[in-house]
Every structure is written in structure tokens, then in C-alpha cells.
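**Student:**
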Amino acid sequence: MTTAPAPASPGSPLDMVIFGGTGDLSVRKLLPALYMAHLHGNLPTDTQVIALGRQNWSREEYVEFVQKQSHPFVDSKALSVEAWSSFLNLLDYVCLDVTTRNEYQRLVAVARNNARRVFYLATSPALFTTICTNLAGAGLVDAQSRVVLEKPLGHDLASAQAINVAVGKHFAEKQIYRIDHYLGKETVQNLMVLRFGNAIFEPLWRAPHIRSVQITVAETVGVGSRAGFYDGTGALRDMVQNHLLQLLCIVAMETPTSLDPDAVRDEKLKVLRSLRRMSASDIARDTVRGQYFDGTVSGAPVKGYLDEDAVPPGSQTETFVALRAHVNNMRWANVPFFLRTGKRMQRRLSEIIVEFADLPFSIFANGPCSHVNRLIIQLQPEESIQLQVMAKESGSGMRMRPVQLNLDLETAFPERRAEAYERLLVDVMQGRLTHFMRRDELEAAWDWVDPIVRGWKELNELPHAYSAGTWGPTPSFELTDREDIHWAA
Ligand code: BG6
1 MTTAPAPASP
11 GSPLDMVIFG
21 GTGDLSVRKL
31 LPALYMAHLH
41 GNLPTDTQVI
51 ALGRQNWSRE
61 EYVEFVQKQS
71 HPFVDSKALS
81 VEAWSSFLNL
91 LDYVCLDVTT
101 RNEYQRLVAV
111 ARNNARRVFY
121 LATSPALFTT
131 ICTNLAGAGL
141 VDAQSRVVLE
151 KPLGHDLASA
161 QAINVAVGKH
171 FAEKQIYRID
181 HYLGKETVQN
191 LMVLRFGNAI
201 FEPLWRAPHI
211 RSVQITVAET
221 VGVGSRAGFY
231 DGTGALRDMV
241 QNHLLQLLCI
251 VAMETPTSLD
261 PDAVRDEKLK
271 VLRSLRRMSA
281 SDIARDTVRG
291 QYFDGTVSGA
301 PVKGYLDEDA
311 VPPGSQTETF
321 VALRAHVNNM
331 RWANVPFFLR
341 TGKRMQRRLS
351 EIIVEFADLP
361 FSIFANGPCS
371 HVNRLIIQLQ
381 PEESIQLQVM
391 AKESGSGMRM
401 RPVQLNLDLE
411 TAFPERRAEA
421 YERLLVDVMQ
431 GRLTHFMRRD
441 ELEAAWDWVD
451 PIVRGWKELN
461 ELPHAYSAGT
471 WGPTPSFELT
481 DREDIHWAA
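And the structure:
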């Protein structure tokens with residue numbers, strides 16, 4: 001395809017500086033997302049992308065690397081020879097060791113004086129403090145600059161606070177974009193519209209009308225080449241602390257006063273602060289850790305976690321977690337929130353199920369009248385919203401069964417859907433903070449997660465084994481079954 005990119009957005013020149021420019025995230029997500037933004041005219045007119053890495057490469061060598069490595073990650077339908085080659089023209093490369101202060105002069109040499117600067121820190125969080133200090137030391141940070149921090153932001157509350165304090169010395173809170181790419185997903189943003197743009201849900205969106213909420217993020221992928229990072233992290237810190245808690249917040253929050261970033265984030269913060277902290281007995285009863293062994297996923301045999309490259313022998317890192325959480329406030333008193341996430345599960349599924357309470361009385365003698373009304377919001381792989389209602393089967397008599405009212409969002413809105421990273425990168429460039437985490441939000445999430453990590457250690461809770469290609473270990477079913485609630489499958 002040969003299509004010229006759409007005219008770029010006006011605005012002052014922009015320097016997008018990517019730390020970790022040769023890393024996995026840049027190659028697979030950031031550069032393809034920037035290309036898409038370029039193709040659709042969503043980059044400011046005069047944008048240059050400065051990738052930083054330790055390889056001693058020239059610009060040409062970097063461009064060749066991107067051509068080889070990133071090109072395959074661009075949606076082939078969106079590939080245009082002209083737009084791709086004009087995108088490559090926006091790239092520059094600087095070889096720089098981020099820990100060496102005077103090497104930042106190389107960045108100074110290519111950064112433009114009149115440009116707004118966005119620093120995207122796609123590196124280990126252990127480097128965030130050093131990078132920000134060195135950027136400021138080199139005079140590269142001003143009131144216009146923005147910094148984007150990739151997750152994981154620390155590995156516990158103390159480390160997250162230390163990063164926040166260090167970054168906060170050089171960037172004001174409104175200049176800091178803490179990214180959780182789930183907040184960039186179309187369906188996650190749509191959840192806000194579903195809740196706050198419709199009159200029919202709000203009166204019922206509370207105890208005692210809701211019986212339970214469940215949130216599943218199941219992946220079929222294993223840890224792949226990421227064991228070095230993953231083994232020290234585990235599913236609770238990799239997925240629950242951020243993505244699943246963010247989903248929980250959007251389901252549980254009160255109506256914000258507006259869409260203003262702080263109005264939205266204030267409400268999410270209240271939810272996080274209302275999460276009931278787990279005691280040792282809660283942890284033993286209401287959390288389940290799992291680790292996959294070998295099995296079959298999508299018809300192909302796969303290795304177990306302990307056989308993945310670079311996983312230390314005998315590792316007890318969890319690749320699965322299921323837990324029961326409570327939001328201690330008037331709206332949600334006694335409504336269990338079941339969260340579940342895992343790698344190498346039977347199929348890829350991200351779904352939120354809001355199960356409404358049963359009718360207090362039924363005139364239908366024979367009908368299966370319990371657990372009927374459910375709102376099922378599927379985020380991936382399909383984007384859909386289904387409402388399960390009871391209906392009469394055709395024919396004589398009053399036989400009934402649950403059926404789904406089905407809204408397929410991809411059919412309803414067939415226009416192009418931007419990927420999460422593209423949407424969030426455009427938000428950063430345009431200064432929209434609503435879909436990024438504020439410091440207190442991030443810290444409140446760690447504050448809830450930390451006691452669980454500690455509790456597992458103290459209780460010596462080892463992960464339960466589950467076969468790859470299943471829905472996780474047996475105790476995760478017991479967690480819900482004992483309340484007559486059943487996970488999506
Ligand atoms: C990342 C996690 O944040 O999210 C990964 O670090 C996980 O382990 C990924 O695979 C899942 O994202 P998505 O968009 O594929 O659901």
C-alpha cells in the first residue's frame with residue numbers, strides 16, 4: 001500500500017526521547033504505536049523521535065534495526081510504504097549509558113531548544129531515578145517537559161515511593177505520566193461510558209442489588225524470554241497491582257464530578273483506599289497462588305514454568321493468582337470482588353462479570369431463577385457487552401432460560417480502533433492525564449498488595465500447580481464455588 005500519512009497535528013515541535021529505544025517494549029509496542037499516530041496525523045507537525053540505547057550504532061544502523069524488528073509488529077493492513085519511510089525519517093539514535101552523567105551531552109546535542117520534550121522511560125524502574133537526575137543535570141528538563149514511566153513502578157510501596165520522590169524532584173505531578181496500558185484499551189475507556197452515560201445501571205450498581213463482581217485477565221502466553229524480570233515479580237505484582245486493580249476501580253468508583261484527570265483519579269483513589277486489607281487468615285482463605293507445569297495450549301505442547309529459559313530451579317514465583325477482595329464502603333458492603341489472572345491459561349480472555357442479585361420472590365415454579373442477570377463486559381479478545389436476562393422458550397407452557405442481549409462493539413463501531421499504546425502516547429503528547437495513574441493512586445495500590453506478598457512469605461504459601469492450558473489450580477475454583485459463584489470459562 002502506498003498512502004501518504006495524514007497531515008500532522010499543529011503545535012510546537014516535539015522531541016520524543018525514548019530511553020530503552022532498542023528494548024522489547026520499544027520494538028513491539030512504542031515504535032509501531034508512533035508509526036500509527038504518524039500515519040493518522042496524530043503526531044505534532046514537527047516531531048522527532050530520539051531513541052537511546054547502549055549499542056554503539058549510527059542513525060542508519062538504528063533505522064535498519066527498526067526496519068527489521070519493528071516493522072513486523074505493525075498491523076499489515078496499516079502498512080504504507082510512503083508513511084513507513086517518512087516515519088523512519090523522524091527517527092534519530094543516540095548511544096548513551098544512562099548512568100554516566102556526561103554522556104547526556106550527546107542527547108543535548110540532538111535535542112532541539114525550541115521543542116517540547118517527552119521522555120519515555122522504557123527501562124528498568126531501577127534506572128528511573130538516575131535518568132531523571134541526569135536529565136535535569138544536563139538542563140534538559142523544563143516546565144514543558146513530560147516524563148512517561150512504564151510499569152512496574154517499583155516492587156513494593158517503599159520502592160514506589162522512592163521513585164516517586166526522586167522523579168518528583170525534577171518533574172511536577174502534572175508532568176508525570178504513569179502508564180498502565182489497560183487504561184488505554186478502548187473497552188476499558190468504554191466502561192466509564194457504560195456506567196456513567198446510561199441511566200439504567202446506576203440505581204442497581206450497588207449492594208444489595210449486586211451479588212458479586214468477577215474480573216478475569218487470562219493469557220495463553222507463558223513468560224517467554226521475560227523470566228529475568230518475571231521471576232522476581234510474579235502475577236500479583238505484574239498484573240493485579242496495576243491492571244486488575246485499575247479495572248476494579250472503574251467498576252467500583254463513584255461518579256466523578258467531571259472527566260477532569262484529578263476528578264477521575266480522586267474517585268479511583270477512594271476505591272483503592274477502601275479495599276479491605278487482608279489479615280493472615282484472609283490471605284490463607286481468600287487468595288490462591290498457582291504455577292503452571294507443562295501442558296497443551298491451543299493444541300500445541302508447552303513447557304512448564306520451571307523449564308522456561310532463565311527460570312531458577314525450584315522457583316516459587318506465581319504465574320497465576322485468584323483472590324477475593326472487598327471494597328469497604330456503603331456502595332459495596334459485603335459484595336465480593338473476585339480477581340483472577342494467569343499465564344498459560346486455556347484461552348485468552350479479559351472479562352468483567354457483574355452478577356446481579358436474585359429476585360427475592362418468583363412466580364415461576366420451574367424456572368432456574370437464580371444467578372440469571374449478569375452484565376458481561378468482554379475486553380479481549382472480543383470487545384462486547386452482554387446482558388443476560390431470563391426469557392420464555394417458545395412453545396406452550398412457561399419454560400424459561402437465560403439468553404444474552406449482545407452488543408458487539410466492533411460491529412457497532414467498525415471504524416479503526418487505536419491500540420492502547422497509540423492512544424496513550426497521543427494523550428501524553430496532548431497533555432491529557434485522565435488515563436494515567438497519579439502518585440497517590442499507585443501508592444495506595446501497593447499499600448494493599450504489600451501485605452499479601454508478605455503474608456504469602458510468612459505463611460509459606462507455595463503456588464499450587466496447574467497444567468498449562470487449563471483455567472488454573474483447583475483451589476481457585478473452591479474460592480468461588482463455596483459462595484455458589486462460578487468463574488467465566
Ligand atoms: C503487561 C504484563 O503489563 O501486560 C505482561 O507485564 C502481560 O506480563 C501484559 O502479558 C498483558 O497485556 P495485554 O494487553 O496483552 O492483555
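According to my numbering, the sequence shown holds residues 1 to 489 in order.
Glycine included, every Cβ here is placed at the ideal spot set by N, Cα and C.
What you are looking at is a predicted structure, and each value in this text was computed from that prediction instead of being measured.
#1: Kindly indicate which residue of Asp307, Pro301, Gln175, Asp358 has the alpha-carbon position closest to the one of Arg438.
#2: Which residue marks the beginning of the beta strand (DSSP E) containing His326, and which one marks its end?
#3: Hey, how far is the Cα of Thr22 from the Cα of Arg116?
#4: If you count every other CB in all the chains shown that lies within 10 Å of the CB of Lys392, and 16 or more means buried, which is it?
#5: Taking 6 Å as the cut-off, is the beta-carbon of Asp309 closer than that to any non-hydrogen atom of the ligand BG6?
#6: Please list the segments of the alpha helix (DSSP H) lying wholly inside the region 412-438, counting only runs of 4 or more residues, in order along the chain.
#7: Would you say the beta carbon of Asp75 comes nearer than 6 Å to a heavy atom of the ligand BG6?
#8: Once you ignore the five residues that flank Ala136 on each side, which residues in its own chain have a CB closer than 8 Å to its CB?
#9: May I have the straight-line CA-CA distance separating Leu272 from Val327, to the nearest angstrom?
#10: Which word fits Ala33, buried or exposed, when buried means at least 16 other C-beta atoms lie within 10 angstroms of its C-beta?
#11: Mind reading off the beta-carbon distance from Tyr513 to His243? Whole number of angstroms is fine, and I expect it under 8 Å.
#12: Is there at least one non-hydrogen atom of the ligand BG6 closer than 6 Å to the beta-carbon of Asp24?
#13: Please list, in chain order, all residues of the same chain as Leu127 whose beta carbon is under 7 Å from its beta carbon, the five residues on each side excluded.
#14: Tell me the start and end of each unbroken alpha helix (DSSP H) in the region 191-267 that is at least 4 residues and wholly inside, in chain order.
#15: Out of curiosity, what's the CA-to-CA distance linking Val49 and His155?
#16: With the cut-off set at 7 Å, would you say Tyr120 and Val148 are in Cβ contact?
#17: Output yes or no for whether 7 Å exceeds the beta carbon distance between Ala37 and Leu43.
#18: For the ligand BG6, is there any heavy atom lying closer than 6 Å to the beta carbon of Asp358?
#19: Please tell me whether, using a cut-off of 6 Å, the distance from the CB of Asp262 to the nearest non-hydrogen atom of the ligand BG6 is below it.
#20: Strictly by DSSP, which residues pair up with Met390?
#21: Can you give the beta carbon distance from Arg324 to Trp456, rounded, assuming they're within the 8 Å contact cut?
#22: Using only the heavy atoms of the ligand BG6, determine whether one of them is closer than 6 Å to the beta carbon of Asp97.
#23: At a cut-off of 6 Å, would you count Asp238 as near the ligand BG6, judging by its Cβ distance to the nearest heavy atom?
#24: Residue range of the alpha helix (DSSP H) that Ala136 falls in?
#25: Does DSSP classify Glu186 as helix, strand or coil?
#26: Report back the beta-carbon spacing between Ile163 and Pro208 to the nearest angstrom; my notes put them in contact at under 8 Å.
#27: Just the Cα atoms here: how many angstroms apart are Ser279 and Leu269?
#28: Below 8 Å on the Cβ atoms is my guess for Ala468 versus Gly304; work out the distance and round it to an integer in Å.
**Tutor:** Reading off the structure:
#1: Here the closest residue by C-alpha is Gln175.
#2: 320-326
#3: 23 Å
#4: exposed
#5: no
#6: Runs of the alpha helix (DSSP H) lying entirely within the region 412-438, each at least 4 residues long, are 420-430 in chain order.
#7: no
#8: Answer for Ala136: Lys169, His170, listed in chain order.
#9: 8 Å
#10: Taking all protein chains in view, the Cβ of Ala33 is crowded by 16 or more other Cβ atoms within 10 Å, so the residue is classified as buried.
#11: Residue 513 is absent from the model: the chain starts at 1 and stops at 489.
#12: no
#13: Val98
#14: 227-230, 245-252
#15: 30 Å
#16: yes
#17: yes
#18: Flag unset: Cβ of Asp358 not near the ligand BG6.
#19: no
#20: Pro402
#21: Going by Cβ atoms, the distance from Arg324 to Trp456 rounds to 15 Å, so no, they are not a contact pair.
#22: no
#23: Checking the Cβ of Asp238 against the ligand BG6 gives yes.
#24: 128-137
#25: helix
#26: Going by Cβ atoms, the distance from Ile163 to Pro208 rounds to 41 Å, so no, they are not a contact pair.
#27: Those two C-alpha atoms are separated by around 21 Å.
#28: 7 Å
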